[in-house]
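Visitor: Going by the working numbering, the sequence shown opens with residue 5, and the numbers climb by one from there.
Structure in structure tokens, see below.
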Amino acid sequence: MLFDPFELDTGVTPVRIRAALRQQDYTRAILLAFRLNERKLLQEVLESVPWDEVEVVSSSLPELYVEKVLEFLASSFEVSRHLEFYLIWTQKLLLVHGQKLKSRVGKVLPAVQFLQKSIQRHLDDVSKLCDWNRYNIQYALAVSKQRGLKRPSEPLGSDEEADASDDDTLHLLSTGQGDGDGQLM
5 MLFDPFELDT GVTPVRIRAA LRQQDYTRAI LLAFRLNERK LLQEVLESVP
55 WDEVEVVSSS LPELYVEKVL EFLASSFEVS RHLEFYLIWT QKLLLVHGQK
105 LKSRVGKVLP AVQFLQKSIQ RHLDDVSKLC DWNRYNIQYA LAVSKQRGLK
155 RPSEPLGSDE EADASDDDTL HLLSTGQGDG DGQLM
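Here it is in structure tokens:
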């Protein structure tokens, strides 16, 4: 573990940072956490900010810390499960501070590129998962349709209720968000 404080003084301690969080002084907690620069504490502080407060906190951050937060977010995309929350943070920071960041493009560009690369990796992973789910649903619908066509030739017996249930399920699946013939868009 690398101890790399930033503008550290004796008043910056984990206890004071957590006290600022309890007082819901999120901006001060973030600034103090970045001054101490301990990764776990930074993560705790950023994830403690309620999502509906992110825009307010983002707008109150000094320019010096915006780049640091963006770098932290980019590295956190790799390891955190809080994808949507970190995307909200990224969006709010870029919307609020985007024009100011443009004037320092040379200094900020590596952080933005790292951020873009991390987000793109997640986009690729989620896209693959969505495609896999879509194809499995299409396969299940096709199998269900084939079973539905074969069943009328089978003798009706105790399976009548199961057939009705299958038809209801197929109907529900095909009337979902499809194009009308059971195919997903």
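The C-beta atom is built at its ideal place from N, Cα and C for all residues, glycine as well.
Being a predicted model, the structure only gives us computed values, none of them experimental.
To the nearest angstrom, how far is the alpha carbon of Glu-67 from that of Val-116?
Guide: Rounded to the nearest angstrom, the two C-alpha atoms are 15 Å apart.
Visitor: Is Gly-184 helix, strand or coil when you go by DSSP?
Guide: Because the pLDDT at Gly-184 is just 46, under 50, the model does not fix this residue reliably, and the point stays unresolved.
Visitor: Give the range of the alpha helix (DSSP H) segment to which Gln-103 is assigned.
Guide: Residues 87-106.
Visitor: With DSSP collapsed to three states, give me the class of Leu-140.
Guide: It should be noted that the sequence gives Asn, not Leu, for residue 140. Residue state, collapsed to three classes: helix.
Visitor: Can you tell me whether Val-100 is buried or exposed, with buried defined as 16 or more other CB within 10 angstroms of its CB?
Guide: Val-100 should be labelled buried.
Visitor: Output the distance between the C-alpha atoms of Phe-118 and Glu-71, rounded to the nearest integer angstrom.
Guide: About 12 Å.
Visitor: Under 8 Å, do Ser-79 and Gln-47 count as touching if we go by C-beta distance?
Guide: For Ser-79 and Gln-47, no; Cβs fall outside 8 Å.
Visitor: Using 8 Å as the Cβ pair cut-off and three pairs as the minimum, do the stretch 130-145 and the stretch 91-108 touch?
Guide: Result no; under three Cβ-Cβ pairs closer than 8 Å.
Visitor: Is the CB of Lys-121 under 8 Å away from at least one CB in chain C?
Guide: As a matter of chain content, chain C is missing from the structure shown, which is built from one protein chain.
Visitor: Taking a contact to mean a Cβ-Cβ separation below 8 Å, would you say Ile-21 touches Val-61 in this structure?
Guide: For Ile-21 and Val-61, no; Cβs fall outside 8 Å.
Visitor: Beta-carbon separation of Val-16 and Tyr-30 under 8 Å?
Guide: Against a cut-off of 8 Å, the Cβ pair of Tyr-30 and Val-16 comes out as no contact.
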